[in-house]
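K.L.:
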Amino acid sequence: MAEAAIAASPRSERHTPSFAVVHDIDGPRVRWGIVWFVVTVVSAAVSRPLLAGVMALAAGLATDQVLRLRDADEVARSGGRVGGLLSDPRRLPAMIAAGALPLAAAAGGDTLAATLPTVVVVVLVQRLCTSASQPPQANAVADASMAVAVAAGVGLAAAGPVLAHRFGAQAAVVVLVMICAYDAGDYLVGSGSSTLWEGPAAGVVAVAVVGFAMSVVPLEPVDASATFALAVLTGLLAPLGPPAASLLVGSGRRPARHLRRLDSLLLLGPLLPYALAAIL
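With positions in the sequence shown counted from 1, the corresponding number in the working numbering is that position plus 1.
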């Protein structure tokens, strides 16, 4: 979602908390954000399996990126170098596990509920079974726990819009438009702000504006009251996602463009189906 990295912003040259997102203003960030918006909204409008495929790809890439950045920290301390995708016993299984959750969500909540413990067990067993071939200093239990936590967290975040689609394509479209509105406001204002709160505040304002517009011309079955409720939920939970993502990768200054595509959904995504069930 919102891009974060070490960048030339008013906040980047002074100390900020590790969870604070420092936006990267180099490169075509806005254009990639527009591409992400178009791809997700169009896929939601076309079909649930297509949306599930898009979110599965995003979840897999984000999970791999988190584990790769975590590996980089460990390698920096030991003086080695980060291995490839196939040489790391965690990355590929965790990547597949994270992608499996949105795909399972396309079949329904029951399928997702059955898939979640399955992928957890598979990732744990696979890592523990390969512990003998890893360096002596490697902690198989800690590695497996990290892989499971990242894959489950990112996978469930990506599964949220897919589960929302089961209430109708319109519900998924409304959710995705609000999320992208938050990200746009947060990035456009936050990338030039000197405080931590201006970007998230602008994102919340953007959600309020979009929510009002969509309540005037509602997309049934998401009527005006449901649109308002979703806007409130998004405004409350979306700002908490980027700091959580920063903690996952160790710092909000680190480049993590794949994770930032989903960060606003980290807390909101798993709650979406429950919220929609209550308001629709």
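Here a beta-carbon is modelled for each residue, glycine too, at the ideal position from N, C-alpha and C.
To the nearest angstrom, how far is the alpha carbon of L224 from that of V178?
P.N.:
If you number the sequence shown from 1, residue 224 lands on position 223. If you number the sequence shown from 1, residue 178 lands on position 177. The identity of residue 224 in the sequence shown is Asp, whereas the question assumes Leu. One C-alpha to the other measures close to 15 Å.
K.L.:
When we look at the beta-carbon of V33 and count the other beta-carbons within 10 Å, is it buried (16 or more) or exposed?
P.N.:
Looking up residue 33 in the sequence shown gives position 32. Here the sequence assigns Trp to residue 33, which means Val is not the residue at that position. Looking at its Cβ environment, which holds fewer than 16 other Cβ atoms inside 10 Å, W33 is exposed.
K.L.:
Report the three-state DSSP secondary structure of L263 (helix, strand or coil).
P.N.:
As a first step, residue 263 must be located in the sequence shown, where it is residue number 262. Three-state result, L263: coil.
K.L.:
Exposed or buried, P240, counting other C-beta atoms within 10 Å across all chains shown (16 or more means buried)?
P.N.:
As a position in the sequence shown, residue 240 is number 239, starting the count at 1. Looking at its Cβ environment, which holds 16 or more other Cβ atoms inside 10 Å, P240 is buried.
K.L.:
What is the C-beta distance between A232 and V208, in whole angstroms, given that I count them as a contact (C-beta under 8 Å)?
P.N.:
Mapped onto the sequence shown, residue 232 falls at position 231. Mapped onto the sequence shown, residue 208 falls at position 207. Confirmed, about 5 Å.
K.L.:
Just to confirm, are T228 and S216 a CB contact at a threshold of 7 Å?
P.N.:
If you number the sequence shown from 1, residue 228 lands on position 227. If you number the sequence shown from 1, residue 216 lands on position 215. At a Cβ-Cβ threshold of 7 Å, T228 and S216 count as neighbours.
K.L.:
Helix, strand or coil for L220? Go by DSSP, reduced to three states.
P.N.:
Position 219 of the sequence shown, counting from 1, holds the residue named residue 220. Note: L220 maps to strand in three-state DSSP.
K.L.:
Around the Cβ of C130, are there at least 16 other Cβ atoms within 10 angstroms (buried) or fewer (exposed)?
P.N.:
Your numbering for residue 130 matches position 129 in the sequence shown. The residue in question, C130, is exposed, as its Cβ has fewer than 16 Cβ neighbours within 10 Å.
K.L.:
To the nearest angstrom, how far is it from the Cα of L248 to the Cα of V218?
P.N.:
Against the sequence shown, residue 248 aligns to sequence position 247. Against the sequence shown, residue 218 aligns to sequence position 217. Spanning the two alpha carbons is a distance of roughly 38 Å.
K.L.:
Give me, in chain order, the residues of the same chain whose beta-carbon lies closer than 8 Å to that of V1; leave out the 5 immediate sequence neighbours on both sides.
P.N.:
For residue 1 there is no data in the structure shown, the boundaries of the chain being 2 and 281.
K.L.:
With a threshold of 8 Å, are at least 3 pairs of Cβ atoms found where one atom belongs to the segment 106-120 and the other to the segment 48-63?
P.N.:
A contact exists between the segment 106-120 and the segment 48-63.
K.L.:
Where does T116 land, buried or exposed, given buried means 16+ other C-beta within 10 angstroms?
P.N.:
For the purposes of this step, residue 116 is taken as residue 115 along the sequence shown, with counting starting at 1. The residue in question, T116, is buried, as its Cβ has 16 or more Cβ neighbours within 10 Å.
K.L.:
Throw me the rounded Cβ distance for the G242 and L281 pair, which I believe falls under 8 Å.
P.N.:
Reading the sequence shown from its first residue, position 241 is the one you call residue 242. Reading the sequence shown from its first residue, position 280 is the one you call residue 281. Incorrect: roughly 23 Å between the Cβ atoms, too far for contact.
K.L.:
Mind checking which residues open and close the alpha helix (DSSP H) that includes R254?
P.N.:
Residue numbering aside, residue 254 sits at position 253 when the sequence shown is read from its first letter. Note, R254: premise wrong, no alpha helix (DSSP H); not H, not E.
K.L.:
Closer than 6 Å by C-beta to G193: which residues in its own chain qualify, once you throw out the five before and the five after it? Chain order, please.
P.N.:
Locating residue 193 in the sequence shown gives position 192, counting from the first residue. Nothing listed; no residue qualifies.
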